[in-house]
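Read left to right, the sequence shown gives residues 333 to 854 (my numbering).
Shown next, in structure tokens, is the structure this report addresses.
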Amino acid sequence: MTRAFEDKARHLVLVLGDQLNAETAAFQDFDKEADAVLMLEVAKEASYIPQHKIRLALFFSGMRHFCQAIRDKGYTVHYVPLEDANNRGSFAEEIGRWCHKTRPDKLIVTKPGDHRVEAAIVKAERSLDCKLEIRADRHFIGTLEDFDEFADARKTLILETFYRRMRRRHDILMDGDKPVGGEWNFDKDNRESFGADGPGDIKAPRSFQTDDTTNEVIEMVEEHFSDSPGRLDAFDYPVARSQARAALRDFIEHRLPNFGTYQDAMVTDQPYLYHSRLSCVLNLHLLDPREAIDAAIAAYEAGDAPINAVEGFVRQILGWREFVRGVYWREMPDYADLNALDADLPMPAFMWTGETEMNCVKQSVGQLIDHAYAHHIQRLMVLGLFALLLGVRPYDVHRWHMSMYADAIDWVSLPNVLGMSQYADGGLVGSKPYAASGNYINKMSDYCADCRYNPKNATGEEACPFTTLYWDFLSRNRQRLRGNRRMGLQFNNLDRKDDSERRAIRNRADSLKSDLTADTYL
Ligand code: FAD
Ligand code: DLZ
Ligand code: SF4
333 MTRAFEDKAR HLVLVLGDQL NAETAAFQDF DKEADAVLML EVAKEASYIP QHKIRLALFF
393 SGMRHFCQAI RDKGYTVHYV PLEDANNRGS FAEEIGRWCH KTRPDKLIVT KPGDHRVEAA
453 IVKAERSLDC KLEIRADRHF IGTLEDFDEF ADARKTLILE TFYRRMRRRH DILMDGDKPV
513 GGEWNFDKDN RESFGADGPG DIKAPRSFQT DDTTNEVIEM VEEHFSDSPG RLDAFDYPVA
573 RSQARAALRD FIEHRLPNFG TYQDAMVTDQ PYLYHSRLSC VLNLHLLDPR EAIDAAIAAY
633 EAGDAPINAV EGFVRQILGW REFVRGVYWR EMPDYADLNA LDADLPMPAF MWTGETEMNC
693 VKQSVGQLID HAYAHHIQRL MVLGLFALLL GVRPYDVHRW HMSMYADAID WVSLPNVLGM
753 SQYADGGLVG SKPYAASGNY INKMSDYCAD CRYNPKNATG EEACPFTTLY WDFLSRNRQR
813 LRGNRRMGLQ FNNLDRKDDS ERRAIRNRAD SLKSDLTADT YL
């Protein structure tokens, strides 16, 4: 097709790296004859914090596959590769360059998943000759307006209340006005660990072979980001829509039936267990959350998966995923600065390398290096817990998280890390800090059996750092948390310790804090 003016576009639709879906609001009323798509690989997004090589390859490969898919459908796509000699390296500068070149009447973008990116695009509009239109992100089940309506009506935000409201509003897992299976929540059935025999054979998530596009991206990442964390030799993530659907089918068939029961368990060298590994394709919009929920419910209705598994999976997506997104947009930008527990230590360097004698941390970080993935309980009750107990600055924990996980995008990482795991928002996302000693990790994993520390000991040669720091965390935050009734039992246990034991714990905690943070990376 030849256009009247070679590059002139009526509307220029900017598609960001986590918006790889041609059904998004930005494409509504798209006219293939008159409009064009703009996709930008920009150095700034890859380097504003060092990022895992798998994460970089995932975004760039996903973007290139999406570009090809819509070009095949006849869309005009201006795609700027990272290595393009004219690439100016940031969204603002590239948008300016392309608006100048294509002279659109309107620049259209779906709401970005990062407040920083949205602010940069809004700021860039001032120097453009066209209007900017930001459209709502429909890749969620509820709207932000709906979340605000929920939040405005309440003093405190409780996930369970929000989740039930979402079930009713969207008629998901409902039997009239009653929850399917007779309960709203089957959490009590979902806390099993594996016995001495271990988990047995669990089919790992489907592995996707790299194609020429992904191989090119991998080479580019190795060349330009050789110092980034992680490794790429085992890259096998889904990077296209058809692969995302195949990954969902694979989960539903092989892992969903046991997803609930062993949701909280952790096992050496088993990164995924019964988890789905669908967060990346969901967050990059290659998979719609409704598709994931519908597939799980269909498995329940066909008798292929029990209610505790299906309800557990639905709650993660319909409940938590929607809830944290609502909190993010309601509270930003101030949310990023919250630090309710005044935590002020830096993140230790071994959180990037795994070089530590704490076996649970070593295993979880090792897995991150290999796969840019850890499942929820490793994030919350090993790595997040360690940072919480040590007292690391919450925003630094979030930055570390953004740099190590393939699925991290600001809207989802920040409330989970700063809110749920570090309690920096003082109880907005979670009603109490997820503070626990090494005994919890011992109960839910096999890590302690191969560790030089003993999870039962808070002091002495073999004292587990988690256990020492747990008691220290309670002591140092006693005043701040004294009004939290859900912590009563934990403080009662602290009160049972005599003065000399408390002193010994404090001394050991102090030396741990300086030893463990002696070497930092960011
Ligand atoms: P599964 O265990 O199979 O769960 C199914 C899906 O539920 C996930 O794919 C995800 O889309 C959704 N989900 C579950 N829990 C949450 C949650 N708390 N918030 C949002 N979605 C949820 N998830 C991210 O997608 N990106 C992040 O950056 C991220 N950071 C986290 C940081 C911390 C400290 C914690 C505790 C959790 C974080 N989560 C994050 C949530 C959750 O841990 C991951 O979504 C999940 O581990 C991804 O693996 P999976 O796809 O195998 O999930
Ligand atoms: C994470 C990331 C990376 C590494 N690179 C790009 C990129 O080059 N172009 C792009 O459009 N998006 C990228 N992203 C995602 C952004 O950092 C950010 O998360 C999204 O723009 C938020 O919507
Ligand atoms: Fe982790 Fe402590 Fe168990 Fe070692 S003993 S694996 S440090 S919880």
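Note that the Cβ used here is the ideal one computed from N, Cα and C, for glycine as well.
In this text the structure is predicted, and so the values were computed from the model without any measurement.
Taking only the alpha-carbon atoms, compute the straight-line gap between residue i and residue j and give it to the nearest angstrom.
i      : j      : result
Ala512 : Ile649 : The question names Ala, but residue 512 in the sequence shown is Val. Computed Cα separation, rounded: 17 Å.
Lys364 : Arg496 : 42 Å
Leu848 : Glu492 : 37 Å
Asp636 : Pro589 : 7 Å
Asp601 : Gln695 : 7 Å
Arg835 : Ala628 : 52 Å
Gly820 : Cys692 : 28 Å
Gln822 : Leu715 : 21 Å
Arg647 : Asn615 : 17 Å
Gly698 : Leu388 : 18 Å
Glu425 : Asp851 : 36 Å
Ala740 : Val449 : 15 Å
Pro537 : Glu465 : 39 Å
Thr791 : Phe798 : 11 Å
Met552 : Glu373 : 12 Å
Ser745 : Ala451 : 18 Å
Asp827 : Asp626 : 49 Å
Pro665 : Met498 : 26 Å
Ala366 : Ala341 : 6 Å
Asp521 : Glu663 : 33 Å
Ala631 : Pro621 : 16 Å
Taking the alpha helix (DSSP H) that residue i falls in, what are its first and last residues?
i      : result
Lys364 : First-last for Lys364: undefined, no H or E at that position.
Tyr660 : 654-663
Tyr802 : 797-808
Leu476 : 476-484
Ala719 : 716-722
Ala401 : 385-404
Ala578 : 573-586
Lys535 : Segment: none, Lys535 is in no alpha helix (DSSP H) and carries neither H nor E.
Pro621 : 621-633
May I ask whether a heavy atom of the ligand SF4 can be found less than 6 Å away from the beta carbon of residue i?
i      : result
Gly698 : no
Phe392 : no
Pro787 : yes
Asn926 : Since the displayed the chain opens at 333 and closes at 854, residue 926 lies outside it and no answer follows.
Phe798 : yes
Ile773 : yes
Gly770 : yes
Could you check if residue i is buried or exposed, using at least 16 other CB atoms within 10 Å of its CB as the buried criterion?
i      : result
Asn809 : buried
Asn839 : exposed
Gly532 : exposed
Leu854 : exposed
Ile427 : buried
Asp565 : exposed
Leu352 : buried
Leu346 : buried
His384 : buried
Lys455 : exposed
Thr442 : buried
Tyr660 : buried
Asn825 : exposed
Ala706 : buried
Shorter than 6 Å, the distance from the beta carbon of residue i to the closest heavy atom of the ligand DLZ, or not?
i      : result
Val449 : yes
Val374 : yes
Pro444 : yes
Gly349 : yes
Leu388 : yes
Glu377 : yes
Cys837 : Residue identity check: residue 837 is Ile in the sequence provided, not Cys. Outside the cutoff, so no.
Ile741 : yes
Since residue i is in the beta strand (DSSP E), which residue starts that stretch and which ends it?
i      : result
Glu515 : From DSSP, Glu515 is part of no beta strand (DSSP E); its letter is neither H nor E.
Leu439 : 438-442
Ala410 : What sits at residue 410 in the sequence shown is His, not Ala. Here the beta strand (DSSP E) through His410 covers 409-412.
Leu344 : 343-346
Lys463 : 463-467
Is any heavy atom in the ligand FAD found nearer than 6 Å to the beta carbon of residue i?
i      : result
His343 : no
Asn640 : no
Asn353 : no
Is residue i near the ligand ADP, in the sense that its beta carbon is under 6 Å from a heavy atom of that ligand?
i      : result
Met752 : No copy of the ligand ADP appears in this structure; the ligands present are the ligand FAD, the ligand DLZ and the ligand SF4.
Using a Cβ-Cβ cut-off of 7 Å, state whether residue i counts as contacting chain D.
i      : result
Gly759 : Judged by its chain identifiers, the structure shown contains no chain D, having just a single protein chain.
Take every Cβ of the stretch 754-768, pair it with every Cβ of the stretch 812-824, and state whether three or more of those distances are shorter than 8 Å. For the pair of segments examined, the stretch 754-768 was found to touch the stretch 812-824: the number of CB pairs separated by less than 8 Å reaches three.
Counting pairs of beta carbons, one from the stretch 750-761 and one from the stretch 769-778, are three or more of them closer than 8 Å? Because the criterion of three Cβ pairs below 8 Å is not met, the stretch 750-761 and the stretch 769-778 do not touch.
I'd like to know if the stretch 605-613 and the stretch 542-551 are in contact, where contact means that at least 3 CB-CB pairs between them fall below 8 Å. Result no; under three Cβ-Cβ pairs closer than 8 Å.
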